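Chains as they are written, first to last, in the working numbering: chain E, 182 to 435; chain H, 179 to 520.
Built from N, CA and C at the ideal position, the CB exists for glycine as well.
These figures come from a predicted structure and were not determined experimentally.
Heads up: the structure comes next, in structure tokens.
Rendered as structure tokens:
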């Protein structure tokens with residue numbers, strides 16, 4: 182356990198030394214800031230059904246598509262290319278400890294980035310004197326629900342990104358693989374519903390299980406304050422699977 | 179060698195990558211405190227053997243022991259006993275030297291902070307990395323200093339065996355000299371294995387050599403043993419005035435195995451440079467001098483006996499036989515056999 186925390190602290194520090202982390206952080210906050218501003222602008226023009234926070238977190242996929250590959254592409258691809266991975270594994274550190282430490286560091290950074298977006302409603306509240314406006318901006322169920330969704334789904338997305346990084350020596354290839362994987366997880370399950378046998382209304386079809394994979398529906402549930410155990414199971418089991426596959430890839434593809 | 183005295187013992191190690199056999203039936207032993215050179219052309223299987231010993235690769239068959247501990251059954255214990263500097267010496271560019279060594283010390287089981295600080299301090303001095311070098315980013319260091327950092331890392335956990343894979347590759351002569359001094363300083367305190375194809379380096383540093391070719395051990399022993407096996411006898415260089423034929427006759431009366439290696443080279447006047455090879459082991463130079471002095475018409479200017487270098491031995495040991503050259507699908511035809519060490 183002590184070794185795991187050592188590697189975790191080292192990986193955390195390396196993330197802060199890496200220019201890719203700063204690029205990811207700046208792009209993430211800039212893009213999400215603009216999106217939040219556009220959402221608030223929409224509220225000034227037309228009445229809206231959903232709160233700003235719900236609308237904001239519905240756009241989670243936009244930053245996920247570039248932040249996750251940017252944060253994870255270095256993980257194993259670069260270390261394998263330079264040979265640092267080999268050097269680390271000649272110590273008594275086990276592949277599983279290394280994988281969990283890298284995952285822990287990158288997940289902490291990802292959570293930090295999303296936590297920074299809490300500043301957006303705070304800044305918006307400073308600019309309004311209307312009590313109703315303040316309540317709308319600080320709608321706690323949708324804010325915490327959205328953040329909880331981001332935190333839970335981030336486990337799966339980042340473990341997928343790390344797995345892609347363990348498959349290649351090239352950061353570019355691992356980023357492309359990661360982007361494709363994320364697209365399949367986020368949008369692919371929705372496209373599956375277009376297949377006739379998979380449509381939820383067809384009796385005896387695969388609609389039920391496929392509905393269980395709908396990432397956007399999970400978000401709506403979380404934002405509405407509904408915390409169902411099924412999405413948790415989906416994201417956690419996916420995370421465990423990808424971390425296991427990453428460990429196998431790291432241990433075998435030296 | 180008695181197995182109890184062996185620091186490293188490998189028996190019948192084999193490893194395949196798909197259909198390609200990187201090493202096959204590799205057996206050798208390294209005694210405690212010895213400095214042993216692992217020699218071989220690119221693709222010979224040196225790095226594969228070293229990586230098996232470090233536990234990074236599993237052998238397809240065979241077994242190895244380090245300080246009596248089985249690599250297959252006690253891999254963690256073996257890793258604690260080994261220090262390893264990989265080929266190309268990969269290091270994190272963004273970290274500072276001291277910071278990197280402290281982190282590595284923690285990973286290598288030096289638990290207490292004071293213990294880590296003390297060990298890192300010792301190695302910074304030993305590898306001449308103290309003061310401003312300690313605070314430099316590794317990415318800013320010269321290749322020579324990077325090798326020192328790599329060696330310091332390999333020595334951190336007081337290993338009993340250190341494996342250095344191509345440690346002087348890419349260093350300039352000054353850096354090679356500095357690195358050689360460092361390694362010389364370690365002699366006797368631990369077992370050192372140098373994998374290299376830089377022959378003069380191995381010749382200067384190592385007590386014994388193990389020569390690999392096409393994934394198999396083709397020779398092993400001290401320089402004297404290898405000479406006897408692959409380049410028996412000596413070469414004599416002479417500068418003398420007189421008839422080359424008569425010089426040859428006079429010398430052959432002393433040593434009937436003597437034969438002229440090449441045609442005499444005239445160096446002006448009647449002075450010739452002659453080269454003879456002899457199958458006899460003892461130094462016959464004094465007797466040759468006597469024999470030539472007894473002949474009135476011959477005037478000897480110089481005589482010099484030359485031993486076969488490790489390069490000669492290496493070339494003789496790694497020369498493919500006619501049979502191997504004819505065999506289809508041999509190691510050098512395989513992609514892994516061309517690009518570098520498998």
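Nearest to residue i (by Cα), restricted to the options the options
i                     : options                       : result
residue 381 (chain H) : H:331, H:487, H:272 and H:418 : H:487
residue 194 (chain H) : H:238, H:252, H:232 and H:222 : H:238
residue 485 (chain H) : H:467, H:216 and H:461        : H:461
residue 459 (chain H) : H:483, H:279, H:387 and H:272 : H:483
residue 433 (chain H) : H:422, H:446, H:457 and H:440 : H:457
residue 471 (chain H) : H:334, H:424, H:250 and H:497 : H:424
residue 432 (chain E) : H:236, H:443 and H:328        : H:236
residue 342 (chain E) : E:364, E:263, E:405 and E:325 : E:364
residue 203 (chain E) : E:188, E:287, E:187 and E:282 : E:287
residue 450 (chain H) : H:480, H:256 and H:389        : H:480
residue 320 (chain E) : E:310, E:306 and E:335        : E:306
residue 439 (chain H) : H:370, H:453 and H:445        : H:453
residue 221 (chain H) : H:420, H:414 and H:390        : H:390
residue 317 (chain E) : E:190, E:224, E:329 and E:376 : E:224
residue 233 (chain E) : E:417, E:356, E:421 and E:214 : E:214
residue 354 (chain E) : E:206, E:221 and E:250        : E:250
residue 430 (chain E) : E:276, E:407 and E:196        : E:276
residue 406 (chain H) : H:465, H:444 and H:490        : H:490
residue 411 (chain E) : E:235, E:314, E:333 and E:219 : E:333
residue 342 (chain H) : H:330, H:371 and H:446        : H:371
residue 437 (chain H) : H:444, H:443 and H:429        : H:429
residue 427 (chain H) : H:398, H:466, H:400 and H:408 : H:466
residue 311 (chain H) : H:355, H:276 and H:240        : H:276
residue 424 (chain E) : E:369, E:191 and E:336        : E:336
residue 337 (chain H) : H:283, H:308 and H:358        : H:283
residue 415 (chain H) : H:443, H:289 and H:355        : H:443
residue 416 (chain E) : E:299, E:235, E:290 and E:393 : E:393
Segment limits, alpha helix (DSSP H) that includes residue i
i                     : result
residue 432 (chain H) : 422-432
residue 242 (chain H) : From DSSP, residue 242 (chain H) is part of no alpha helix (DSSP H) but of the beta strand (DSSP E) over 239-244.
residue 213 (chain H) : Where residue 213 (chain H) is concerned, there is no enclosing alpha helix (DSSP H), although the beta strand (DSSP E) it sits in stretches over 213-217.
residue 396 (chain E) : 396-404
residue 371 (chain E) : 370-373
residue 366 (chain E) : Neither: residue 366 (chain E) is in no alpha helix (DSSP H) and is coded neither H nor E.
residue 376 (chain E) : It is not in any alpha helix (DSSP H) - residue 376 (chain E) carries neither H nor E in the DSSP assignment.
residue 429 (chain E) : 410-433
residue 490 (chain H) : 488-496
residue 471 (chain H) : 463-472
residue 307 (chain E) : 300-307
Beta strand (DSSP E) segment containing residue i, residue limits
i                     : result
residue 203 (chain H) : 198-209
residue 452 (chain H) : 449-456
residue 261 (chain H) : 260-263
residue 190 (chain H) : 184-195
residue 481 (chain H) : 477-484
Residue-level contact to chain B via CB, residue i, 8 Å cutoff
i                     : result
residue 268 (chain E) : Absence of chain B from the displayed structure is noted, the protein chains being E and H.
Residue i Cβ short of 7 Å to the ligand MN heavy atom set
i                     : result
residue 294 (chain E) : Of ligands this structure carries none, so the ligand MN is not represented either.
* Asked: When Cβ atoms are compared, which residues of the stretch 275-292 of chain E fall closer than 7 Å to chain H?
  -> none
Inset, instruction - Give a yes or no on contact between the stretch 368-382 of chain H and the stretch 298-308 of chain H, applying the rule of three or more CB pairs nearer than 8 Å. - result: no
Practice prompt. Give the residues from the stretch 351-381 of chain E that approach chain H closer than 9 Å (Cβ to any Cβ), ordered along the chain.
Written response: none
Notebook entry, point to check: Does the stretch 240-250 of chain H come close enough to the stretch 312-325 of chain H that 3 or more CB-CB pairs lie under 8 Å?
Noted result: no
Which residues, taken in chain order from the stretch 185-215 of chain E, show a beta carbon closer than 8 Å to some beta carbon of chain H? If the cut-off is 8 Å between Cβ atoms, the stretch 185-215 of chain E has 187, 188, 191, 195, 198 and 199 near chain H.
_Three or more C-beta pairs below 8 Å linking the stretch 237-248 of chain E and the stretch 397-407 of chain E_ = yes
Should the stretch 363-372 of chain H be called in touch with the stretch 205-223 of chain H, which here means at least 3 C-beta pairs below 8 Å? yes
| Length at least 3, wholly inside the stretch 334-420 of chain H: the beta strand (DSSP E) runs in chain order | 339-343, 369-374, 386-391, 394-399 and 412-419
Sufficient close CB pairs (3 or more, under 8 Å) joining the stretch 259-278 of chain H to the stretch 243-255 of chain E
no
**Asked** In chain order, which alpha helix (DSSP H) runs of at least 4 residues are fully inside the stretch 320-363 of chain E?
**Response** 321-346
Please name the residues in the stretch 287-314 of chain H whose beta-carbon is closer than 9 Å to at least one beta-carbon of chain E, in chain order.
-> 287 and 289
- Near-chain E residues of the stretch 377-403 of chain H (beta-carbon distance less than 8 Å), N- to C-terminal order: none
- [ ] Compile a chain-ordered list of the residues in the stretch 318-331 of chain H whose CB is closer than 7 Å to at least one CB of chain E.
- [x] none
Within 8 Å, do at least three Cβ pairs link the stretch 279-295 of chain E to the stretch 184-204 of chain E? yes
**Item:** Touching by the beta-carbon criterion (3+ pairs, under 8 Å), the stretch 341-351 of chain H and the stretch 309-316 of chain H
**Value:** no
| message | Counting beta carbon pairs with one atom in the stretch 260-274 of chain E and one in the stretch 308-327 of chain E, are three or more of them shorter than 8 Å? | response | no
query = Can you list the alpha helix (DSSP H) stretches of 4 or more residues lying completely in the stretch 284-321 of chain H, in chain order?
reply = 291-304 and 310-313
For the structure I just gave you, are there three or more beta carbon pairs, one from the stretch 303-312 of chain H and one from the stretch 223-233 of chain H, closer than 8 Å? Counting C-beta pairs with one atom in each stretch, the stretch 303-312 of chain H and the stretch 223-233 of chain H have fewer than three that are closer than 8 Å, which means they do not touch.
message: I'd like to know if the stretch 291-300 of chain E and the stretch 205-221 of chain E are in contact, where contact means that at least 3 CB-CB pairs between them fall below 8 Å.
response: yes
Short-range partners of chain E found in the stretch 240-259 of chain H, where Cβ spacing is below 7 Å
254, 257 and 258
*Between the stretch 213-226 of chain H and chain E, which residues of the former have CB atoms less than 7 Å from a CB of the latter, in chain order?*
none
What ranges does the alpha helix (DSSP H) occupy inside the stretch 231-284 of chain E, keeping only unbroken runs of at least 4 residues that lie completely in it?
Listed in chain order, the complete alpha helix (DSSP H) runs (minimum 4 residues) inside the stretch 231-284 of chain E are 233-239, 242-253, 258-263 and 265-270.
Fill in: Contact residues within the stretch 242-266 of chain E, judged by C-beta distance below 7 Å to chain H
Sequence-ordered contacts of the stretch 242-266 of chain E with chain H read 263, 264 and 265 [C-beta pairs closer than 7 Å].
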